[in-house]
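Accompanying notes for the structure given below.
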Amino acid sequence: MASYTDKAGRPIVVVTGMGMVTSLGQGKADNWAKLTAGTSGIHRITRFPIDTLRTTIAGTVDFLPESGRTAPDLSEELAQLAAEEAVAESGIGSKGNFPGPLFCAVPPIELEWPQRRILAQEAAPNGPVSYDDLLRAAEANGHDAWHERFLYGSIADHLADRFGTRGQPISLSTACASGNTSIQLGVEAIRRGDCDAALSIATDGSVTAEALIRFSLLSALSTNNEVPEAASRPFAKNRDGFIIAEGAGALVLESLEHATARGAKILGVVEGVGEMADSFHRTRSSPDAKPVIGCMRQALADAGVSPDDIDYINAHGTSTPENDRMEFTGMSAVFGERLAGIPISSNKSMIGHTLTAAGAIEAVISLLTIAKGRIPPTINYELPDPAIPLDVVPNVARDAQVKRVMSNSFGFGGQNVCLILTGEPA
Amino acid sequence: MSNRRDVWITGIGLVSSLGEGLEAHWQALAGGTGPVVDENSFVPYVVHPLAKVDFDQQIPKRGDQRQMEPWQRIGTYAAGLALDSAGLKGNKEILGATDMVVAAGGGERDQSVDGAILTEIEKQANPDVFLNEQLQSNLRPTLFLAQLSNLLAGNISIVHGVTGSSRTFMGEESSGTDAVRIGWSRIAAGTSEIALVGGAYNAERRDMLLLFALKRLAMHAPWAPVLADPKGIATGSAGAFLVLESPEHATARGARPIAKLSGVWSERARRSEAGAVEATLEEMLKTAEAGITDDTAIFSAATGAPEPTKAEAAVLARSGLPVRSVTDRVGHGLEAQMPVALALAALSVSEGRLFAPLAGEPLEKPFDGTISRAIVTAVGHWRGEGVALVERAD
Numbered sequence: 001m002a003s004y005t006d007k008a009g010r011p012i013v014v015v016t017g018m019g020m021v022t023s024l025g026q027g028k029a030d031n032w033a034k035l036t037a038g039t040s041g042i043h044r045i046t047r048f049p050i051d052t053l054r055t056t057i058a059g060t061v062d063f064l065p066e067s068g069r070t071a072p073d074l075s076e077e078l079a080q081l082a083a084e085e086a087v088a089e090s091g092i093g094s095k096g097n098f099p100g101p102l103f104c105a106v107p108p109i110e111l112e113w114p115q116r117r118i119l120a121q122e123a124a125p126n127g128p129v130s131y132d133d134l135l136r137a138a139e140a141n142g143h144d145a146w147h148e149r150f151l152y153g154s155i156a157d158h159l160a161d162r163f164g165t166r167g168q169p170i171s172l173s174t175a176c177a178s179g180n181t182s183i184q185l186g187v188e189a190i191r192r193g194d195c196d197a198a199l200s201i202a203t204d205g206s207v208t209a210e211a212l213i214r215f216s217l218l219s220a221l222s223t224n225n226e227v228p229e230a231a232s233r234p235f236a237k238n239r240d241g242f243i244i245a246e247g248a249g250a251l252v253l254e255s256l257e258h259a260t261a262r263g264a265k266i267l268g269v270v271e272g273v274g275e276m277a278d279s280f281h282r283t284r285s286s287p288d289a290k291p292v293i294g295c296m297r298q299a300l301a302d303a304g305v306s307p308d309d310i311d312y313i314n315a316h317g318t319s320t321p322e323n324d325r326m327e328f329t330g331m332s333a334v335f336g337e338r339l340a341g342i343p344i345s346s347n348k349s350m351i352g353h354t355l356t357a358a359g360a361i362e363a364v365i366s367l368l369t370i371a372k373g374r375i376p377p378t379i380n381y382e383l384p385d386p387a388i389p390l391d392v393v394p395n396v397a398r399d400a401q402v403k404r405v406m407s408n409s410f411g412f413g414g415q416n417v418c419l420i421l422t423g424e425p426a
Numbered sequence: 001m002s003n004r005r006d007v008w009i010t011g012i013g014l015v016s017s018l019g020e021g022l023e024a025h026w027q028a029l030a031g032g033t034g035p036v037v038d039e040n041s042f043v044p045y046v047v048h049p050l051a052k053v054d055f056d057q058q059i060p061k062r063g064d065q066r067q068m069e070p071w072q073r074i075g076t077y078a079a080g081l082a083l084d085s086a087g088l089k090g091n092k093e094i095l096g097a098t099d100m101v102v103a104a105g106g107g108e109r110d111q112s113v114d115g116a117i118l119t120e121i122e123k124q125a126n127p128d129v130f131l132n133e134q135l136q137s138n139l140r141p142t143l144f145l146a147q148l149s150n151l152l153a154g155n156i157s158i159v160h161g162v163t164g165s166s167r168t169f170m171g172e173e174s175s176g177t178d179a180v181r182i183g184w185s186r187i188a189a190g191t192s193e194i195a196l197v198g199g200a201y202n203a204e205r206r207d208m209l210l211l212f213a214l215k216r217l218a219m220h221a222p223w224a225p226v227l228a229d230p231k232g233i234a235t236g237s238a239g240a241f242l243v244l245e246s247p248e249h250a251t252a253r254g255a256r257p258i259a260k261l262s263g264v265w266s267e268r269a270r271r272s273e274a275g276a277v278e279a280t281l282e283e284m285l286k287t288a289e290a291g292i293t294d295d296t297a298i299f300s301a302a303t304g305a306p307e308p309t310k311a312e313a314a315v316l317a318r319s320g321l322p323v324r325s326v327t328d329r330v331g332h333g334l335e336a337q338m339p340v341a342l343a344l345a346a347l348s349v350s351e352g353r354l355f356a357p358l359a360g361e362p363l364e365k366p367f368d369g370t371i372s373r374a375i376v377t378a379v380g381h382w383r384g385e386g387v388a389l390v391e392r393a394d
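As you go down the protein sequences, you meet chains A and B in turn. 1 is the number of the first residue of the first sequence in full-length UniProt numbering; add one for each residue after it. 1 is the number of the first residue of the second sequence in full-length UniProt numbering; add one for each residue after it.
Below, the structure written as structure tokens:
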């Protein structure tokens with residue numbers, strides 16, 4: 001009989017359900033077809049006026065009923081759709097009764113401009129508008145529903161109601177590493193024996209004018225506005241920033257024993273998770289890439305494998321000059337000369353940077369890559385950067401047998417989390 | 001939990017309206033100092049303002065301070081106090097392996113920019129284009145970083161060098177409970193040796209009050225004790241961090257426990273069902289009590305929001321245990337409230353006694369006996385119930 005525990009004697013954590021939504025579409029089938037065809041979901045922004053903006057393109061999800069409403073409304077809908085797909089695929093529990101906790105990565109949430117404007121108009125001060133006016137209007141005019149909507153915990157709370165997860169859900173943010181953290185927390189809880197299953201969701205539907213401007217003011221976004229589909233250029237010499245985008249990813253995690261006992265199909269294994277924070281700078285990674293190197297090595301060690309066991313790397317690959325160079329430096333240190341022979345691609349070349357959701361979406365794509373034996377390309381790779389020579393699976397998908405993937409996520413605030421994913425229990 | 005190990009609290013950093021550090025808090029509490037409230041700056045609301053703090057003491061670089069909004073400064077400061085208290089300051093090797101779980105909100109805005117935009121926007125032919133222009137020319141680029149929830153943790157990494165791991169939980173009061181719970185669980189299970197857990201809140205802002213005002217939950221002056229008369233939330237500026245550590249790790253470096261963190265529980269009552277909060281909290285309290293009522297007190301982190309606070313007060317009254325309201329002393333610090341309450345509970349347990357009851361809070365009874373166990377109850381203003389147990393370590 002196969003063992004239910006890993007080399008370290010911990011419960012093996014498997015994935016039995018996955019779901020995703022991106023600007024390319026809803027569901028794994030649609031996304032996979034487009035990702036392997038090299039299709040871009042990046043387009044001109046129509047949600048708000050783009051006049052005067054330095055960046056006018058994004059990977060927004062515009063095809064849902066909540067698109068264009070508030071960030072928490074759309075983020076919740078994206079999360080719900082991804083989780084419905086994942087839970088249905090896994091067949092776990094029963095409708096509205098998920099037998100484990102929820103770990104939910106959510107974007108920043110606060111009252112938005114439409115609500116502020118309504119409050120200001122209701123207050124109708126004779127002079128300049130102040131927050132005292134907004135407070136007066138807030139108390140007087142029965143906007144009770146906004147209180148709940150703009151709490152950080154409300155997305156996860158509503159999802160917990162819908163899916164019937166156990167206990168108080170954890171809402172979390174580790175910036176652009178959040179998706180990986182949502183998986184990490186589920187893996188840890190199962191390994192500790194706190195639960196047999198966990199629902200990990202990461203969602204981001206927060207592309208508003210102000211969100212875009214905030215990143216723009218930090219010079220993080222691409223201004224390759226002319227041809228939106230060609231703007232995201234991870235690892236290429238002419239990359240100039242990331243493309244802000246929306247989406248959600250969801251994974252049903254279970255102990256192998258629990259999944260086996262109920263006869264569930266195993267879609268993959270979360271073999272290892274590594275993490276190391278960076279104390280260098282608020283938005284920049286340490287130039288020596290030490291924290292990223294440490295993070296990758298910890299992930300390998302946690303999985304009990306060596307760099308030689310990695311067949312493919314799903315890169316963070318944001319398309320910013322700095323990230324892609326730093327990620328190359330980190331990978332070079334960890335993989336040495338072998339790096340040149342490892343296919344590495346960035347899904348962000350097609351779906352943009354889905355921020356909070358990125359890690360979970362890329363974990364789903366990584367497991368599909370293993371299952372299908374086909375690597376989605378890094379599109380828009382027309383001008384290789386000689387400073388960072390990599391096999392980025394340029395422009396066209398590639399058939400390949402992939403047994404084990406490293407998936408990287410790095411974020412503002414010194415956040416670094418790497419996953420090691422395989423298809424089958426060792 | 002048979003094969004789980006003890007978790008010690010080896011460091012506490014606390015700053016609130018009562019002062020900074022454990023000693024100042026004990027002096028204020030044991031000396032019967034009343035709550036420090038400000039009923040004039042945010043009329044009609046009442047808040048507990050942060051005591052005067054010299055941020056240079058924990059955040060020496062002015063450049064770092066400038067990159068933070070006040071809630072991040074309060075948190076980074078309290079985290080520094082905790083590391084000092086644990087004797088870890090500057091110990092690069094240990095800090096580089098210290099796990100961090102932070103409970104955070106965020107969203108402190110540039111209120112003058114917002115006000116200026118709102119004053120003019122409805123007069124514009126195209127309000128949305130006007131908004132684009134105004135935000136682009138008037139937002140400070142680094143303000144975004146001072147608003148992001150996970151940048152409190154990021155600042156603690158930068159200023160204090162804590163880099164073992166870094167997770168930020170959001171979700172109001174529950175995030176504080178769960179930050180402590182996850183840090184505790186990992187050490188108890190043997191997958192972490194040392195963790196810095198906590199949170200911070202800045203009450204002295206209108207944009208923060210706005211969220212509560214939308215449901216008329218912010219307390220209007222005059223201030224009133226929350227358990228006796230929950231007429232709203234009196235928010236309080238505060239930051240609290242705990243250093244949690246395995247006994248093996250602490251002993252090896254010669255550190256002594258302030259107290260033992262023996263359990264943390266987090267639940268979610270279906271509040272649409274009548275009596276659900278009371279039933280959930282009662283069960284959690286019984287679990288924490290574990291049949292032992294001797295030398296045990298309850299520290300309530302009740303928010304002051306009427307319905308959940310009434311439910312919590314009812315459960316506390318039935319418990320028969322001596323009760324002290326944390327919120328009456330320092331206000332409500334939202335994400336930070338569980339860490340703040342735990343800090344005061346651990347302090348009381350380490351002192352072995354309770355401070356005097358507060359006038360006007362009949363649930364607080366005089367108690368002159370020994371205290372070796374403290375149970376913290378923290379019922380969220382909207383969702384989430386938390387309980388934690390602190391015990392004397394010897």
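Beta carbons: idealized from backbone N, C-alpha and C, even for Gly. It should be emphasised that the depicted structure is a prediction, and the values quoted were computed from it without experimental measurement.
* Interface flag, residue 36 of chain A vs chain B, CB-CB below 7 angstroms -> no
* Can you find a CB in chain A that lies within less than 7 angstroms of the CB of residue 40 of chain B? -> no
* In its own chain, which residues sit with a C-beta less than 6 angstroms from the C-beta of residue 282 of chain B, not counting the 5 before and 5 after it? -> 315
* Asked: Is the Cβ of residue 268 of chain B closer than 7 angstroms to any Cβ of chain A?
  -> yes
* N-terminal and C-terminal residue of the beta strand (DSSP E) that residue 137 of chain B is part of -> Counting along the chain, residue 137 of chain B falls outside any beta strand (DSSP E), though it belongs to the alpha helix (DSSP H) covering 127-138.
* Boundaries of the alpha helix (DSSP H) in which residue 204 of chain A is found, first to last residue -> Unbroken run through residue 204 of chain A is the beta strand (DSSP E), 197-204; no alpha helix (DSSP H).
* For the region 114-142 of chain A, enumerate the residues whose C-beta is nearer than 7 angstroms to any C-beta of chain B, in chain order. => 116, 117, 120, 121, 128, 129, 130, 131, 132, 134, 135, 138, 139
* To do: Could you check what DSSP says for residue 265 of chain B in three-state terms: helix, strand or coil?
  => strand
* **residue 176 of chain A: first and last residue of the uninterrupted beta strand (DSSP E) it sits in** => Run containing residue 176 of chain A: none; DSSP gives neither H nor E here.
* **Alpha carbon of residue 382 of chain B to alpha carbon of residue 156 of chain A, nearest angstrom** => 13 angstroms
* In this structure, what does DSSP give as the bridge partners for residue 407 of chain A? -> A/314, A/419
* **Within 7 angstroms, strictly: CB atoms of residue 305 of chain A and residue 13 of chain A** => no
* residue 336 of chain B to residue 107 of chain B, Cα distance in whole Å? -> 15 angstroms
* To do: Leaving out five residues on either side along the sequence, give the residues of the same chain with a beta carbon under 6 angstroms from the beta carbon of residue 356 of chain B.
  => 32
* Verify the CB distance criterion: does residue 5 of chain B have a CB-CB separation below 7 angstroms to chain A? => no
* Can you find at least 3 beta carbon pairs, one from the region 191-200 of chain B and one from the region 243-254 of chain B, that sit closer than 8 angstroms? -> yes
* To do: Assign residue 46 of chain A to buried or exposed, taking buried as 16 or more other Cβ atoms, counted over all protein chains shown, within 10 Å of its Cβ.
  => exposed
* Leaving aside the five residues before and after residue 415 of chain B along the sequence, list all residues of the same chain whose C-beta is less than 7 angstroms from its C-beta, in chain order. => Here chain B covers residues 1 to 394 and nothing more, so residue 415 of chain B does not appear.
* Asked: Exposed or buried, residue 178 of chain A, counting other C-beta atoms within 10 Å across all chains shown (16 or more means buried)?
  -> buried
* residue 11 of chain B versus residue 253 of chain B - alpha carbon distance -> 13 angstroms
* Asked: Excluding sequence positions up to five away, which residues of its chain have a Cβ less than 6 angstroms from the Cβ of residue 180 of chain A?
  -> 359, 409, 417, 419
* Delimiting residues of the beta strand (DSSP E) encompassing residue 10 of chain B -> 8-16
* Using a C-beta to C-beta distance shorter than 8 angstroms, which residues of chain A count as neighbours of residue 129 of chain B? -> 49, 51, 52
* Is it true that the CB of residue 366 of chain A sits closer than 7 angstroms to the CB of residue 405 of chain A? -> yes
* To do: Could you tell me the distance, in whole angstroms, from the CA atom of residue 348 of chain B to the CA atom of residue 374 of chain B?
  => 8 angstroms
* **residue 290 of chain B versus residue 267 of chain B: straight-line alpha-carbon distance, rounded** => 17 angstroms
* To do: Can you have a look at residue 121 of chain B and say buried or exposed, based on whether 16 or more other CB atoms are within 10 angstroms of its CB?
  => buried
* Asked: Tell me, which residues are paired with residue 391 of chain A by DSSP?
  -> A/343
* Asked: What's the gap between the Cα of residue 31 of chain A and the Cα of residue 245 of chain A?
  -> 15 angstroms
* Asked: What is the residue span of the beta strand (DSSP E) that residue 169 of chain B lies within?
  -> 165-170
* **Integer-rounded CB distance, given that residue 45 of chain B should sit under 8 angstroms from residue 210 of chain B** => With 8 angstroms as the limit, residue 210 of chain B and residue 45 of chain B do not qualify as a contact, their Cβ atoms being about 11 angstroms apart.
* Three-state secondary structure (DSSP) at residue 1 of chain B? -> Here the model assigns residue 1 of chain B a pLDDT of 41, short of 50, so the residue's position is not dependable and the matter cannot be decided.
* To do: Hey, could you find the ends of the alpha helix (DSSP H) residue 60 of chain A is sitting in?
  => Where residue 60 of chain A is concerned, there is no enclosing alpha helix (DSSP H), given that its DSSP letter is neither H nor E.
* Asked: Does residue 135 of chain B get closer than 7 angstroms to chain A when you measure Cβ to Cβ?
  -> yes
* Answer yes or no: does any C-beta atom of chain B fall closer than 7 angstroms to that of residue 162 of chain A? => no
* Does the separation of the CB atoms of residue 302 of chain B and residue 309 of chain B fall below 7 angstroms? -> yes
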